[in-house]
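Okay, so the sequence shown: first residue is 1 according to UniProt numbering, each after it adds one.
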Amino acid sequence: MGTLVIRDLDDEVKARLRVRAAEHGRSMEAEAREILATTVSPTRPRARLGSHIRDRFRTVGPAGLPVPARSDPAGDVTFPD
Numbered sequence: 001m002g003t004l005v006i007r008d009l010d011d012e013v014k015a016r017l018r019v020r021a022a023e024h025g026r027s028m029e030a031e032a033r034e035i036l037a038t039t040v041s042p043t044r045p046r047a048r049l050g051s052h053i054r055d056r057f058r059t060v061g062p063a064g065l066p067v068p069a070r071s072d073p074a075g076d077v078t079f080p081d
């Protein structure tokens, strides 16, 4: 396993890392490893906008609006000449 040294880390960033590590019950070093591993992992596909919207409103449901039947085919559209 390699070693990585990060110099000139802003004090505010270090403080936020300390808080985040405490929230997850890890040391700052373990939290930094987890952040790096998660961020650079090629196996985790990045969620797209549609996925974020679906996840955000998943619990809301159709909000009491009737859902139209999908059995009838769409009618023809005519345009004036």
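Beta carbons: idealized from backbone N, C-alpha and C, even for Gly. Note that the structure is a prediction, hence the values are computed from the model and not measured.
Original post:
Quick one, are the C-beta atoms of Ala37 and Leu17 less than 9 Å apart?
Top reply: Locating residue 37 in the sequence shown gives position 37, counting from the first residue. Locating residue 17 in the sequence shown gives position 17, counting from the first residue. No. Outside cutoff.
Original post:
How would you write the range of the alpha helix (DSSP H) that Val17 sits in, first residue to last?
Top reply: Locating residue 17 in the sequence shown gives position 17, where the first residue counts as 1. Residue identity differs from the one stated: residue 17 is Leu in this sequence, not Val. Boundaries of the alpha helix (DSSP H) harbouring Leu17: 11 to 23, taken from the DSSP string.
**OP:** Give the secondary structure of Thr39 by DSSP, where H, G and I count as helix, E and B as strand, and everything else as coil.
**Re:** One-based indexing of the sequence shown puts residue 39 at position 39. Thr39 falls in the helix class under three-state DSSP.
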